[in-house]
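Reading through the structure tokens given below for one structure.
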Amino acid sequence: MRPLLRGLLAASVFSAVSCVATANDIQILPSATAGTSSPPEVYLAGEITDDTVIQLKSLMTSRSLAGSIVYLDSAGGDPQAGMRLGELLRKSSMNTAIGRPGNTSGRPSPGKCMSACVLTYAGGKFRFIDPASQLGIHRFYRRTAQSTDLDVAQVLSAAITAYLIKMGVAPALFERMVQVGRGQMELLSHPDAAALNLVNNGVLPAEWGIEGKQGQVYLMGRQQTWNGTGKLIMSCAPNQRVKFSALYDAGDNNGFITRNATNYTLRINKQFLPIASLQGKPSVSGDYVLASMTPDDSMLWAISGGEQIGFGFHTKDSNTFYGFLVDATGEQDLVRSWIKHCTER
């Protein structure tokens, strides 16, 4: 970032609010999740400054924090530092939530994330929020009126808007910020935060499209969640049929799924449709468990109208299954058209 831009941003401050935590503090606690590979929990409290970025970056060199959830409890700070910290979190595949260390490991107490803290929060890959935690937004401004205030506002507008877009958050969030009265803080409702994609609660937007590889064209839908990544591939098969392949990245559970799954289902919305047979036993392909089948006409009909489409791997324990859903809301025409393309060739 250019020195002039950095100086202008540093001159901006946040509105006065009751202080959540005054001294910068970063704690790293063991994960409450079973397993030696589970990342630790990171708690960050206090004012967000350039020193916060330096401190966390230093901790990253000595600790394996990739995939950790960073719990934030902050009244804000420097917006430039907030964005730099958010970019550091995203680059390190870290996630964010709002909270403070609780009395029990893995059970944080509710917290508050205000002002520049919201920019840091936006940097998390997956962004969670407890029902009792708070997000606060406001207009960034100088303490004293100066002739360059308009320039500062324009610089902040461009920088924050570009940052939010980069992080996958609706730029309309910045419009909400500038509508807040001077010296005031607006608590952002959780439904509004979700609508702006500031909060995603462990689910990233689905992606659908027609793709090609090694001379083969297919329809793919994919969605990444906190529990893993699911992909659906539909390709044209002989005799005007459709080959339906499900790929699920379940992390450390991939091997368990291939060894222990005995039954399989096509998931349509909340339904589990039994699959009579697969095209061979599921196998691990790269980072994914791969299973393929040829859906019958009734299944194709269900797939073409589903708002959520997915796959289930079931073990002998009727209470245990692994699987995923890909959001197909608004993509039904694409799915129907592709099925029609394959079945009417």
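Using mature numbering (1 follows the signal peptide of the UniProt record, and there is no 0), the letters of the sequence shown correspond one by one to residues -23 to -1, 1 to 322.
Backbone N, C-alpha and C fix where the C-beta goes; we use that ideal spot for every residue, glycine too.
Residue pairing for leucine 267: DSSP places it in a beta bridge opposite Leu224, Ser260.
Counting the other Cβ atoms within 10 Å of the Cβ of proline 168 gives fewer than 16, which makes it exposed.
Taking the C-beta atoms as reference points, aspartate 107 is found nearer than 8 Å to isoleucine 75.
About 5 Å separates the beta carbons of glycine 79 and serine 86, which is inside the 8 Å limit, making them a contact pair. Less than 8 Å separates the beta-carbon of leucine 164 from that of leucine 112.
Residue pairing by DSSP puts tyrosine 48 in a beta bridge opposite Tyr20, Ala74. For the pair isoleucine 234 and phenylalanine 290, the CB atoms are nearer than the 8 Å cut-off. In terms of Cβ geometry, valine 266 and glycine 207 do not form a close pair [threshold 8 Å].
DSSP assignment within the segment 78 to 106 yields the following whole alpha helix (DSSP H) runs of 4 residues or more, N-terminal first: 93 to 99. Under the 8 Å Cβ criterion, the segment 226 to 244 does not count as touching the segment 174 to 186, having fewer than three qualifying pairs.
The Cβ atoms of leucine 181 and glutamine 201 lie closer than 8 Å to each other. Approximately 6 Å separates the beta-carbon atoms of serine 51 and glycine 23; this is inside 8 Å, confirming the contact. By the Cβ neighbour-count rule, arginine 116 is buried, with 16 or more other Cβ atoms within 10 Å of its own. Taken in chain order, the complete beta strand (DSSP E) segments of 3 or more residues contained in the segment 274 to 301 are 285 to 291. Separation of isoleucine 245 and lysine 143 (C-alpha to C-alpha, rounded to the nearest whole angstrom) is 32 Å. Rounded to whole angstroms, the separation of the alpha carbons of lysine 68 and glutamate 152 is 26 Å.
In this structure, the alpha-carbon of leucine 196 lies about 26 Å from that of lysine 102. Distance check between alanine 171 and each of Tyr241, Gly145, Val194 places Gly145 closest, using alpha-carbon atoms only.
In this structure, cysteine 319 sits near valine 219, with a CB-CB distance shorter than 8 Å. Taking C-beta atoms under 8 Å as the contact rule, cysteine 90 and leucine 49 qualify, at a distance of about 5 Å. Burial state of arginine 104 is buried, judged by a 10 Å Cβ sphere holding 16 or more other Cβ atoms.
Excluding the 5 residues flanking it on each side, valine 155 has same chain C-beta neighbours closer than 6 Å at Arg116, in chain order.
Closest option to glycine 205, judged by alpha-carbon separation, among Val19, Arg77, Phe301: Phe301. Burial state of leucine 66 is buried, judged by a 10 Å Cβ sphere holding 16 or more other Cβ atoms. Per DSSP, the unbroken alpha helix (DSSP H) holding glycine 59 starts and ends at 56 to 68. Threonine 138 carries a helical assignment under DSSP once its states are collapsed to helix, strand and coil. The C-alpha of isoleucine 316 is placed about 10 Å away from the C-alpha of aspartate 310. Under the 10 Å beta carbon count, proline 7 is surrounded by fewer than 16 other beta carbons and is classified as exposed. Under DSSP, aspartate 2 shares a beta bridge with Ala22.
Exclusion of the five residues before and after glycine 88 leaves Asp50, Ile75, Gly76, Arg77, Ser110 as the residues of its chain whose Cβ lies within less than 6 Å of its Cβ. A straight-line Cα-Cα distance of about 38 Å links serine 222 and arginine 40.
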